[in-house]
Amino acid sequence: MTADVRAHATTIEMIEPVPPEVAVGAGIILKVKVSCAAGCDLDGTPVRVTAAEAAVESALGTGALRDETAEITLEAPRQAGDHTWNVVCGPHPSAGIRHGETSLPVRIRTIPHATSLAVWAIPSPVAMGEKFGIKAGAKSSAAVSLAGLNIEVCDETGAVVARGRLGAAPFPGTSALYWTEVELPAPAAEGLYAWSVKLAPGELDLPHEHASTSFSVSIVRPPEHRLTIKVIEKDTAAPIANAQVRLGVFRGATDQSGLAQVDMPRGVYDLNVWKIGYEAPTRTVELNRNISLEVEVLSVPEENPDAAWLM
Amino acid sequence: MGRNSRDRGPRENAVEANIPKSVSRRAFLSKGAAGVGAAALVGVNADDAQAQAKWDLSADVVVIGAGVAGLPAAITARDLGASVIVVDENFDIGGRGMLSGGRVHLGGGHALQQKAGIKDSADQVFADWVRHDSAVARYSDRDLVRVFADENVATFDFLVENGVQFRERPIGPEAASTVPRTFVTVEWQVPSEVYAPGGGRNGSGLVRRLEQSARKKGVQILLRHEMKSIIREQGSSGKVLGIAVNQPGGALNIEAKRGVVIATGGHTGNVNFRRTFDPRLTEEYQQACMPYVFQGAKGELAAMDIGAALWATANQTSESGAAITKTRHIGCRWGYSSLVFQPESKLFPLAKATGLTVSDWQNMIFVNQNGQRFWNEADGSYRFFAAAMAYNGDTAKLNGGGPIWAIFDADAASRERWDTKPPHVDPDGYFYTADTIAELAPMIRNPHQKKPISGAVLQETVNRYNAFVTAGTDTDFKKPTPMYKIEKPPFYAAWATPILHDTLTGLRSNTSGEVIDIRGAVIPGLYCAGESQGGFAQHGLARCMVFGRVAGRNAAKRDA
Numbered sequence: 000m001t002a003d004v005r006a007h008a009t010t011i012e013m014i015e016p017v018p019p020e021v022a023v024g025a026g027i028i029l030k031v032k033v034s035c036a037a038g039c040d041l042d043g044t045p046v047r048v049t050a051a052e053a054a055v056e057s058a059l060g061t062g063a064l065r066d067e068t069a070e071i072t073l074e075a076p077r078q079a080g081d082h083t084w085n086v087v088c089g090p091h092p093s094a095g096i097r098h099g100e101t102s103l104p105v106r107i108r109t110i111p112h113a114t115s116l117a118v119w120a121i122p123s124p125v126a127m128g129e130k131f132g133i134k135a136g137a138k139s140s141a142a143v144s145l146a147g148l149n150i151e152v153c154d155e156t157g158a159v160v161a162r163g164r165l166g167a168a169p170f171p172g173t174s175a176l177y178w179t180e181v182e183l184p185a186p187a188a189e190g191l192y193a194w195s196v197k198l199a200p201g202e203l204d205l206p207h208e209h210a211s212t213s214f215s216v217s218i219v220r221p222p223e224h225r226l227t228i229k230v231i232e233k234d235t236a237a238p239i240a241n242a243q244v245r246l247g248v249f250r251g252a253t254d255q256s257g258l259a260q261v262d263m264p265r266g267v268y269d270l271n272v273w274k275i276g277y278e279a280p281t282r283t284v285e286l287n288r289n290i291s292l293e294v295e296v297l298s299v300p301e302e303n304p305d306a307a308w309l310m
Numbered sequence: 000m001g002r003n004s005r006d007r008g009p010r011e012n013a014v015e016a017n018i019p020k021s022v023s024r025r026a027f028l029s030k031g032a033a034g035v036g037a038a039a040l041v042g043v044n045a046d047d048a049q050a051q052a053k054w055d056l057s058a059d060v061v062v063i064g065a066g067v068a069g070l071p072a073a074i075t076a077r078d079l080g081a082s083v084i085v086v087d088e089n090f091d092i093g094g095r096g097m098l099s100g101g102r103v104h105l106g107g108g109h110a111l112q113q114k115a116g117i118k119d120s121a122d123q124v125f126a127d128w129v130r131h132d133s134a135v136a137r138y139s140d141r142d143l144v145r146v147f148a149d150e151n152v153a154t155f156d157f158l159v160e161n162g163v164q165f166r167e168r169p170i171g172p173e174a175a176s177t178v179p180r181t182f183v184t185v186e187w188q189v190p191s192e193v194y195a196p197g198g199g200r201n202g203s204g205l206v207r208r209l210e211q212s213a214r215k216k217g218v219q220i221l222l223r224h225e226m227k228s229i230i231r232e233q234g235s236s237g238k239v240l241g242i243a244v245n246q247p248g249g250a251l252n253i254e255a256k257r258g259v260v261i262a263t264g265g266h267t268g269n270v271n272f273r274r275t276f277d278p279r280l281t282e283e284y285q286q287a288c289m290p291y292v293f294q295g296a297k298g299e300l301a302a303m304d305i306g307a308a309l310w311a312t313a314n315q316t317s318e319s320g321a322a323i324t325k326t327r328h329i330g331c332r333w334g335y336s337s338l339v340f341q342p343e344s345k346l347f348p349l350a351k352a353t354g355l356t357v358s359d360w361q362n363m364i365f366v367n368q369n370g371q372r373f374w375n376e377a378d379g380s381y382r383f384f385a386a387a388m389a390y391n392g393d394t395a396k397l398n399g400g401g402p403i404w405a406i407f408d409a410d411a412a413s414r415e416r417w418d419t420k421p422p423h424v425d426p427d428g429y430f431y432t433a434d435t436i437a438e439l440a441p442m443i444r445n446p447h448q449k450k451p452i453s454g455a456v457l458q459e460t461v462n463r464y465n466a467f468v469t470a471g472t473d474t475d476f477k478k479p480t481p482m483y484k485i486e487k488p489p490f491y492a493a494w495a496t497p498i499l500h501d502t503l504t505g506l507r508s509n510t511s512g513e514v515i516d517i518r519g520a521v522i523p524g525l526y527c528a529g530e531s532q533g534g535f536a537q538h539g540l541a542r543c544m545v546f547g548r549v550a551g552r553n554a555a556k557r558d559a
């Protein structure tokens, strides 16, 4: 019996290009095509992906040819940076013909996962020098747990004014927003402040980018007087509930009896009362003592808000 | 005419349903109808020439479109003794009228006005609708307005005589009118035949009653019959002889011995055509009444193919009325005004979501395709639309402004009492949810959103707006007292691209409804009415019905 020494060359190519960037640890599918120039059936030929420097035996992922193609599912490297993989096919005898091993280098660039932040429940305004609380949460684009990570709150100069540790459970209604409450000292001077919240996720298994966002808070002089506003409907004198009251940075909303109370320092303010379906002109209020006001709003009912546009 | 909804309709046309499958459609249709030779026909399309050698059907008057203009045209012609065929490409009748609010703006002192003690006259209607101080009136052809005014009472009487029922409460004055003239029709009583029942689709009562009357009087209505061309003796000269149509069984030629009435509706669904009047109106803008009515400008194009002219095109861009509207129901593909397709609607599989109905524009910001605010969200004027359609730095898209997205938070959803899940929203390209704003931005993918929105840009946009809320003043766009921050997770992005509504220009016609060609001559035997007709920019149903009657009457009276 004589060994068959004939051999055919095979070629290997990517069916779909490798994405230019892949997040660390992300799933990735390589689709390759391996063919014999003579048209031999290569079904079942193993295809392996290895790190460039690794032995063939330590495959990152394997597959087998079917109709000259194979799909290999892999996890992208967990370190950010440039990596080279080898896609190796064969050897395989087909109809007694030897098909030697062939390989193709594949370059993979991995990038850290993104993180992003939300800041909410910021009281405004806040009296200068007082403490106030905010809520802040962070999200990984890989949706991994960020529980236990620290966030920093920085003032407008970049100085850290408070830190918080993200809690164990995502905020209700979110998929993976890990959050905490942070108590902050208000600045000693009035004004509109833009502070920032930062996340440095260095302690995670998978590399993540830093994140930052900003929030605004209005710092005011301590209240001196109380403005009590009763909002009524002009024609019927009926109290209007849930009307929004705005005086510059000061705000309130009416209760079921149409009353809203806003505590403010003395000054002159533009008073806006607003609710869908009602109109009221802006008026000026000088607050130099406790004042009670009645604001009449005109009902502008929208029988159908789209009526004007109906054919 | 609902191009996209064809072949999905629940109602089979009675004529089609009666055709035995074993009998050739042509043979059936020829029986007792046509089969008449049409020698020396010259169609608009050379490819159709052979197909046009025979008439498959024949009638005195052929009406294209079974909507608010076409049905009155057909009934009026039939009342005068003409045989009438109506073709419509949709699976059911009504056109936009089926989904309209049924607000009929007719005056002149008709019976319901008199009952309500409203003094009105034809002269007053005319005076109102040629007002120089009203942009919805000043650009109209006053010859046509005069006809409209003189025909108001007769049209109202016509509707009542044909079974249309009205509520007796007058509404108005509206638009250019100085006295109350709007009366609302009663919704059709069969919910499954309304398509968006329970939502004020009172126009269904108008078109269904007219359909009922038309069929009773012997008008033949052929659904799923799509007009392909208008056949004229010598291409762009001579008289109009009939139309060529496509229908499920193949092509047909229908002879019109006295006249053809174009009542195909407007052009808002035809991107190429609508850009004739405003190049900004690129493909991303929605149109009202989809997915039932497409408004493809087919009547206008077929008429222009044989020489017809457009008329009073300034009306389309007068920046008044409802040519463009805001999206009232955000987060779905078709969010027009008060029109909602509930899950039980037969059109829901096409509409896919009801949308989230906005009651308060303070609950959101609007951003453009770059993730940037562009105007005061509470404004609904044409200044808002101009800003929405403004060039915003995309060198690959110089015309149109790209999609507009409403961005809001969990608190806004709570204030509006929205359920942010299907069937209220369409997550397949029109609604997105994320835990943070920066995460939300790149998730927004849509055929019209060509590039992803930067998370950093959208976050900056929201943070800046939130600072305006904190300060109580919007220094960018002067939104009056911006009320609510967008801060509490989760966050949402919802499709809110403006919607095109009214077609306010179309074919040129004389006071008899005869279509005029580009040199000012009548095209013998061709009439138009409704949104395909130019010259009178009044919003809504009334002008369609008035000129439908005018066209039908004059077509029927024309010598065969």
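Protein chains in written order, with numbering that gives the first Met the number 0: chain G, 0 to 310; chain L, 0 to 559.
For each residue, glycine too, the CB sits at the ideal point set by N, CA and C.
CA nearest to the CA of residue i, picked from the options
{"i": "S344(L)", "options": "I74(L), P290(L), Y526(L), V270(L)", "result": "P290(L)"}
{"i": "A8(G)", "options": "I150(G), G38(G), V230(G)", "result": "G38(G)"}
{"i": "G320(L)", "options": "V60(L), A110(L), I498(L), Q113(L)", "result": "I498(L)"}
{"i": "R106(G)", "options": "V86(G), H98(G), D42(G), G166(G)", "result": "V86(G)"}
{"i": "P186(G)", "options": "M263(G), D262(G), S215(G), L297(G)", "result": "S215(G)"}
{"i": "Q315(L)", "options": "G265(L), V178(L), W187(L)", "result": "G265(L)"}
Where the alpha helix (DSSP H) through residue i begins and ends
{"i": "T469(L)", "result": "454-470"}
{"i": "A213(L)", "result": "202-216"}
{"i": "P348(L)", "result": "347-350"}
Helix, strand or coil at residue i [DSSP, three-state]
{"i": "C88(G)", "result": "strand"}
{"i": "N369(L)", "result": "coil"}
{"i": "V67(L)", "result": "coil"}
{"i": "K32(G)", "result": "strand"}
{"i": "Q255(G)", "result": "coil"}
{"i": "T101(G)", "result": "strand"}
{"i": "R220(G)", "result": "coil"}
{"i": "D558(L)", "result": "coil"}
{"i": "E182(G)", "result": "strand"}
{"i": "T119(L)", "result": "What sits at residue 119(L) in the sequence shown is Asp, not Thr. Coil, per DSSP."}
Residue-level contact to chain G via CB, residue i, 8 Å cutoff
{"i": "M482(L)", "result": "yes"}
{"i": "D418(L)", "result": "no"}
{"i": "N462(L)", "result": "yes"}
{"i": "P402(L)", "result": "no"}
{"i": "K487(L)", "result": "yes"}
{"i": "E438(L)", "result": "yes"}
{"i": "A409(L)", "result": "yes"}
{"i": "D359(L)", "result": "yes"}
Bounding residues of the beta strand (DSSP E) (the contiguous stretch that carries residue i)
{"i": "S575(L)", "result": "It is not possible to answer for residue 575(L), since the shown part of chain L is limited to 0 through 559."}
{"i": "C527(L)", "result": "521-527"}
{"i": "Y431(L)", "result": "430-433"}
{"i": "A137(G)", "result": "130-139"}
{"i": "G315(G)", "result": "Chain G is shown from 0 up to 310; residue 315(G) falls before or after that span and cannot be answered."}
Per DSSP, the bridge partner or partners of residue i
{"i": "L309(L)", "result": "L506(L)"}
{"i": "A58(L)", "result": "A255(L)"}
{"i": "I231(G)", "result": "P238(G), E295(G)"}
Cutoff 8 Å: residue i Cβ touching any chain L Cβ
{"i": "L191(G)", "result": "yes"}
{"i": "R345(G)", "result": "There is simply no residue 345(G) to check, as chain G begins at 0 and stops at 310 in what is shown."}
{"i": "G251(G)", "result": "no"}
{"i": "V17(G)", "result": "no"}
{"i": "W273(G)", "result": "yes"}
{"i": "A259(G)", "result": "no"}
{"i": "K138(G)", "result": "yes"}
{"i": "G166(G)", "result": "no"}
{"i": "F131(G)", "result": "no"}
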